[in-house]
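Reading through the structure tokens given below for one structure.
There are 2 protein chains.
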Amino acid sequence: MQFPERGSLHEIEEGGRLMPLFDERGLIPCITQDLVSREVLMLGWMNREALRKTIETGWAHYWSRARQRLWRKGEQSGQAQRVRRILIDDDQDCVLLMVELTGGASCHVGYRSCFFRELDWQPGQTDFHLTYLEHRKVYDPVKAYGPPAGSDAVQHARPAED
Amino acid sequence: MQFPERGSLHEIEEGGRLMPLFDERGLIPCITQDLVSREVLMLGWMNREALRKTIETGWAHYWSRARQRLWRKGEQSGQAQRVRRILIDDDQDCVLLMVELTGGASCHVGYRSCFFRELDWQPGQTDFHLTYLEHRKVYDPVKAYGPPAGSDAVQHARPAED
Numbered sequence: 002m003q004f005p006e007r008g009s010l011h012e013i014e015e016g017g018r019l020m021p022l023f024d025e026r027g028l029i030p031c032i033t034q035d036l037v038s039r040e041v042l043m044l045g046w047m048n049r050e051a052l053r054k055t056i057e058t059g060w061a062h063y064w065s066r067a068r069q070r071l072w073r074k075g076e077q078s079g080q081a082q083r084v085r086r087i088l089i090d091d092d093q094d095c096v097l098l099m100v101e102l103t104g105g106a107s108c109h110v111g112y113r114s115c116f117f118r119e120l121d122w123q124p125g126q127t128d129f130h131l132t133y134l135e136h137r138k139v140y141d142p143v144k145a146y147g148p149p150a151g152s153d154a155v156q157h158a159r160p161a162e163d
Numbered sequence: 002m003q004f005p006e007r008g009s010l011h012e013i014e015e016g017g018r019l020m021p022l023f024d025e026r027g028l029i030p031c032i033t034q035d036l037v038s039r040e041v042l043m044l045g046w047m048n049r050e051a052l053r054k055t056i057e058t059g060w061a062h063y064w065s066r067a068r069q070r071l072w073r074k075g076e077q078s079g080q081a082q083r084v085r086r087i088l089i090d091d092d093q094d095c096v097l098l099m100v101e102l103t104g105g106a107s108c109h110v111g112y113r114s115c116f117f118r119e120l121d122w123q124p125g126q127t128d129f130h131l132t133y134l135e136h137r138k139v140y141d142p143v144k145a146y147g148p149p150a151g152s153d154a155v156q157h158a159r160p161a162e163d
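Right, dumping it as structure tokens:
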């Protein structure tokens, strides 16, 4: 499966053909959203192969920048994403997936959404404190991935993006 | 307004303090979503100043990669974004804004959402055709920005990110 070549600005922005732009690293950002609730679950990155495999299989695949390898979401944790809809933005440099979660969670920390914290904030006023929006983990990442890394130095041993 | 320094992995992922990661270009991606409908409107990029100004003013600011300058959304088109909520993801390398649109649109092509096209697709099967999800532009980008650029060579004359 070869993606169509990038066309003119008009074809990209207002045309009827997918022409995704992969950046200088060969990656395109991908926003993943719950199909029904529209909750944003995560931002991932895809290379050509990840987008191709997502389209071919209907399961979300991403490129892990930390591990520098293709990764099927949930391959280790069981928290997979069944893809139902694939959208593209105006300049075709961002993908949007609408998915159903097979295990009820998307975040490697154990929560449903990666965006489980909100800034306490009013215009002009914040002390950078974050409030938790989720109060219980959906799954135990220690059971899914093994004991947590003891320090930042070994964080790459842990699949931080799954 | 100085953002807190990045802390340990545990502080970043499970702590109660904002510690945003700006990449090697000094940028962090920002997903912008409608406060009420939860529709994803756009993916933008912020440098430290854009995030600071967003927090200070309550109006969405981004960094324009094409124009290499700070940009208040809607400064030219009038299609501004009043920020109501600011979320951060697990590893704090992506911001999520929940906004109200002052003009009903977010996309510089004239549609409500930048994601106004969907891939015609079933697992394993696509000819890369895109279906339009919106059928009428909310505003006329020619009126907002002037005549469209005649070719890709002059596309930077047009504020492609506003």
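Protein chains in written order, with the working numbering: chain A, 2 to 163; chain B, 2 to 163. C-beta: ideal position from N, C-alpha, C; glycine also.
Contact of Trp64 (chain B) with chain A is not assigned, every C-beta pair being separated by 8 angstroms or more. Runs of the alpha helix (DSSP H) lying entirely within the stretch 32–113 of chain A and spanning at least 4 residues, in chain order: 49–58. Chain-order list of chain B residues neighbouring Glu14 (chain A): Val110, by C-beta distance under 8 angstroms. By the CB criterion at 8 angstroms, Asp91 (chain A) and Ile29 (chain A) fall outside the cutoff. Between the beta-carbon of Leu44 (chain A) and that of Ile32 (chain B) there is about 6 angstroms, and that keeps the pair under the 8 angstroms contact cut.
Chain A has no Cβ within less than 8 angstroms of the Cβ of Pro148 (chain B). CA-CA distance, Glu14 (chain A) to Leu131 (chain B), rounds to 11 angstroms.
Annotated three-state conformation of Glu25 (chain B) is coil, per DSSP. Taking all protein chains in view, the Cβ of Met20 (chain A) is crowded by 16 or more other Cβ atoms within 10 Å, so the residue is classified as buried. For Leu102 (chain A) and Pro124 (chain A), the gap between their C-alpha atoms comes out near 35 angstroms. Lys74 (chain B) sits away from Gly111 (chain B), with the two beta carbons spaced by 8 angstroms or more.
Put simply, the backbone Cα of Asp128 (chain A) is about 8 angstroms away from that of Asp121 (chain A). Not a single CB atom of chain B sits nearer than 8 angstroms to the CB of Phe23 (chain A).
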